[in-house]
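Take a look at the structure below.
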Amino acid sequence: MTPVLWHVVRAYGLSSAAAEDAVQTTWLTLVRKQDSIDSPDAVMSWLLTTVRREAWRLSRVDRRAVTIEDIEARLPLANSAEDEAARRIESSQLWRAVRGLDDRCQRLLRVVAFSARPNYGMVALDLDMPIGSIGPTRRRCLTKLRSALGEGDAAE
Amino acid sequence: MTQPHNDEELFVALREMWSDADPPPDGLADRTVAEIAVEDTERDFALLDLLEEAPLAEVRGEGIRRTVRFGDESSTIVLHIVAEPSGVCRIGGWSDPPVLAARLCQDQGETSAVTAPDGRFTFDDVPHGRSCMRVATLEDDRMREARTPWFET
Chain A
3 MTPVLWHVVR AYGLSSAAAE DAVQTTWLTL VRKQDSIDSP DAVMSWLLTT
53 VRREAWRLSR VDRRAVTIED IEARLPLANS AEDEAARRIE SSQLWRAVRG
103 LDDRCQRLLR VVAFSARPNY GMVALDLDMP IGSIGPTRRR CLTKLRSALG
153 EGDAAE
Chain B
402 MTQPHNDEEL FVALREMWSD ADPPPDGLAD RTVAEIAVED TERDFALLDL
452 LEEAPLAEVR GEGIRRTVRF GDESSTIVLH IVAEPSGVCR IGGWSDPPVL
502 AARLCQDQGE TSAVTAPDGR FTFDDVPHGR SCMRVATLED DRMREARTPW
552 FET
């Protein structure tokens with residue numbers, strides 16, 4: 003569950019240090035408040051809600067926001083010749099396509115990708131969008147992404 | 402790249418991409434478990450021994466400093482306690498094996514340490530008074546919780 007929480011808070015653009023704080027605070031809060039959670043099934047939803055609140059709070063004070071370059075530096079090169087690289091090269095191509103999307107699409111897709119059942123109410127609050135527009139926006143973002151991937155293929 | 406056929410395949414590819422590009426930091430899960438461990442005062446902490454307490458010393462540029470060393474057969478913790486002009490202390494130290502998480506307990510409350518992978522840690526703005534530390538370390542992939550005896554800051 004920790005990787006899922008990590009990717010959700012990073013979608014807010016928090017720095018690595020702030021994201022780590024948010025994840026740790028969320029788990030600590032779960033331990034402190036475990037008696038207030040009604041059922042084990044509710045734990046995942048509770049964790050996601052809490053980590054979003056923590057990320058939102060920290061995003062107001064964190065001045066060490068992650069940069070595109072921070073992430074890009076960790077991506078393998080697209081022209082890597084290593085045998086194992088095929089999937090990573092695809093990831094790199096996908097990354098270029100994702101990077102071409104606007105910030106809202108990038109955040110929305112990342113949150114949805116790591117949430118089994120995304121809470122659209124919470125996502126709407128996060129992205130400052132009406133809840134009714136989350137579904138259409140998600141579809142539009144996916145369409146743009148497919149289009150960018152298609153253009154990438156055509157260019158190669 | 403091979404175009405994912407449907408939304409689910411595309412989200413799988415996106416998950417893989419972000420997992421490659423921006424994975425959680427190494428040890429985050431261990432550090433989180435350690436933070437939870439050192440917060441739990443009902444846990445059974447191994448009590449470390451006071452091994453050495455150096456006399457107060459004037460250190461140029463730092464002020465009055467005292468060094469205290471705790472340990473047992475498997476852990477060593479060294480603390481440098483510096484009295485600052487503002488009336489509080491700064492505690493810097495290191496441990497072997499490196500602490501994953503540390504807490505300073507005082508009568509007026511508790512504080513989490515800022516830790517580094519090499520075993521260094523710091524507590525800033527520590528009030529004077531009776532203190533002890535609870536730490537969690539990783540030894541041979543096993544978490545170990547220990548605490549120091551009370552000492553004066």
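Note that the protein sequences, when read in sequence, are chains A and B.
Numbers in the numbering used here are just positions in the first sequence, counted from 1, shifted up by 2.
Numbers in the numbering used here are just positions in the second sequence, counted from 1, shifted up by 401.
Ideal placement from N, C-alpha and C gives every residue a C-beta, glycine not left out.
Note that the structure is a prediction, hence the values are computed from the model and not measured.
Partners in chain A for Met-544 (chain B), counting only beta-carbon separations shorter than 7 Å: On the second sequence, position 143 is the one that residue 544 (chain B) refers to. Simply none; closest approach about 15 Å.
Closest by C-alpha distance to Phe-522 (chain B), when choosing among B:Asn-407, B:Leu-448 and B:Thr-538: Residue mapping note: residue 522 (chain B) aligns to position 121 of the second sequence, counting from 1. Comparing Cα-Cα distances from Phe-522 (chain B) to each of B:Asn-407, B:Leu-448 and B:Thr-538, the minimum goes to B:Thr-538.
Near-chain A residues of the segment 416-438 of chain B (beta-carbon distance less than 9 Å), N- to C-terminal order: Arg-416, Glu-417, Met-418, Trp-419, Ser-420, Asp-421, Ala-422, Asp-423, Pro-424, Pro-425, Pro-426, Leu-429, Ala-430, Arg-432, Thr-433, Val-434, Glu-436 and Ile-437
Chain-ordered chain B contacts of Val-33 (chain A) [CB-CB under 9 Å]: Within the first sequence, the letter at position 31 stands for residue 33 (chain A). Under the 9 Å cutoff, chain B gives Ile-437, Glu-440 and Asp-441.
At least 3 beta-carbon pairs within less than 8 Å: the segment 49-60 of chain A vs the segment 18-25 of chain A: yes
CB contact below 8 Å: Gln-108 (chain A) versus chain B: Here residue 108 (chain A) refers to the residue found at position 106 of the first sequence. Not one chain B Cβ lies under 8 Å of Gln-108 (chain A).
Boundaries (first-last residue) of the alpha helix (DSSP H) holding Trp-8 (chain A): Looking up residue 8 (chain A) in the first sequence gives position 6. Run containing Trp-8 (chain A): 4-12, per the alpha helix (DSSP H) assignment.
Buried/exposed call for Thr-145 (chain A), threshold 16 Cβ in 10 Å: Here residue 145 (chain A) refers to the residue found at position 143 when the first sequence is read from its first residue. Under this definition Thr-145 (chain A) is an exposed residue.
Length of the line joining the Cα atoms of Gly-137 (chain A) and Val-434 (chain B): In the first sequence, counting from the first residue as 1, residue 137 (chain A) sits at position 135. In the second sequence, counting from the first residue as 1, residue 434 (chain B) sits at position 33. Note on geometry: alpha-carbon atoms of Gly-137 (chain A) and Val-434 (chain B) lie some 36 Å from one another.
Min CB distance Asp-85 (chain A) to chain B below 8 Å: Locating residue 85 (chain A) in the first sequence gives position 83, where the first residue counts as 1. Because the pLDDT at Asp-85 (chain A) is just 46, under 50, the model does not fix this residue reliably, and the point stays unresolved.
Interface positions of the segment 4-38 of chain A facing chain B (Cβ-Cβ less than 7 Å), listed along the chain: Among the residues of the segment 4-38 of chain A, those with a Cβ less than 7 Å away from any Cβ of chain B are Thr-4, Pro-5, Trp-8, His-9, Arg-12, Ser-18, Glu-22, Val-25, Gln-26, Trp-29, Leu-30 and Val-33, in the order of the chain.
Contacts that Arg-112 (chain A) makes with chain B (C-beta to C-beta distance below 8 Å): Taking the first sequence and counting its residues from 1, one reaches residue 112 (chain A) at position 110. Neighbours of Arg-112 (chain A) on chain B, chain order: Leu-415 and Trp-419.
Own chain, CB closer than 8 Å to Val-45 (chain A), minus 5 neighbours either side, in chain order: Indexing the first sequence from 1 puts residue 45 (chain A) at position 43. Hits under 8 Å: Leu-32 and Ile-39.
Beta carbon proximity, Ala-115 (chain A) to chain B, threshold 8 Å: The residue labelled residue 115 (chain A) in the question sits at position 113 within the first sequence. Ala-115 (chain A) counts as touching chain B.
8 Å Cβ cutoff met for Leu-129 (chain A) and Leu-103 (chain A): Mapped onto the first sequence, residue 129 (chain A) falls at position 127. Mapped onto the first sequence, residue 103 (chain A) falls at position 101. In this structure, Leu-103 (chain A) does not lie closer than 8 Å to Leu-129 (chain A) by Cβ.
Leu-79 (chain A) burial status per 10 Å Cβ neighbour count (16 or more: buried): Locating residue 79 (chain A) in the first sequence gives position 77, where the first residue counts as 1. The predicted position of Leu-79 (chain A) is uncertain, since its pLDDT is 43 and thus under 50; a value taken from the coordinates is nonetheless stated next. Leu-79 (chain A) comes out exposed.
Segment contact flag, the segment 433-447 of chain B with the segment 543-552 of chain B, C-beta cutoff 8 Å, min 3 pairs: yes
Cβ-Cβ separation, Val-515 (chain B) to Val-489 (chain B) (assumed contact under 8 Å), whole Å: Your numbering for residue 489 (chain B) matches position 88 in the second sequence. Your numbering for residue 515 (chain B) matches position 114 in the second sequence. Not really, about 16 Å apart at Cβ, beyond 8 Å.
Nearest-angstrom Cα separation, counted from Cys-506 (chain B) out to Val-11 (chain A): As a first step, residue 11 (chain A) is located in the first sequence; it is residue number 9 there, counting from the start. As a first step, residue 506 (chain B) is located in the second sequence; it is residue number 105 there, counting from the start. Roughly 30 Å between the two C-alpha positions.
Pair within 8 Å by beta-carbon distance, Trp-495 (chain B) and Ala-115 (chain A): Locating residue 495 (chain B) in the second sequence gives position 94, counting from the first residue. Locating residue 115 (chain A) in the first sequence gives position 113, counting from the first residue. Not a contact, by the Cβ cut-off of 8 Å.
Where the alpha helix (DSSP H) containing Met-46 (chain A) begins and where it ends: Counted from its first residue, the first sequence places residue 46 (chain A) at position 44. 44-63 is the span of the alpha helix (DSSP H), which, as asked, contains Met-46 (chain A).
Assigned secondary structure, Asp-497 (chain B) (DSSP; H/G/I helix, E/B strand, else coil): Here residue 497 (chain B) corresponds to residue number 96 of the second sequence, with the count starting at 1. DSSP places Asp-497 (chain B) in strand when its eight states are reduced to three.
Nonlocal neighbours in the same chain, by C-beta distance under 8 Å from Gln-509 (chain B), ignoring five residues either side: For this step, residue 509 (chain B) is matched to residue 108 along the second sequence. These residues qualify, in order along the chain: Pro-528 and Gly-530.
For Asp-450 (chain B): DSSP bridge partner residues: In the second sequence, counting from the first residue as 1, residue 450 (chain B) sits at position 49. Looking at the DSSP output, Asp-450 (chain B) bridges to B:Gly-472.
Rounded Cβ spacing between Leu-429 (chain B) and Thr-4 (chain A) (contact assumed at less than 8 Å): In the second sequence, residue 429 (chain B) corresponds to position 28, counting from 1. In the first sequence, residue 4 (chain A) corresponds to position 2, counting from 1. Contact holds; Cβ gap of about 6 Å.
Assigned secondary structure, Ser-135 (chain A) (DSSP; H/G/I helix, E/B strand, else coil): Within the first sequence, numbered from 1, the residue matching residue 135 (chain A) stands at position 133. Correct three-state label for Ser-135 (chain A): helix.
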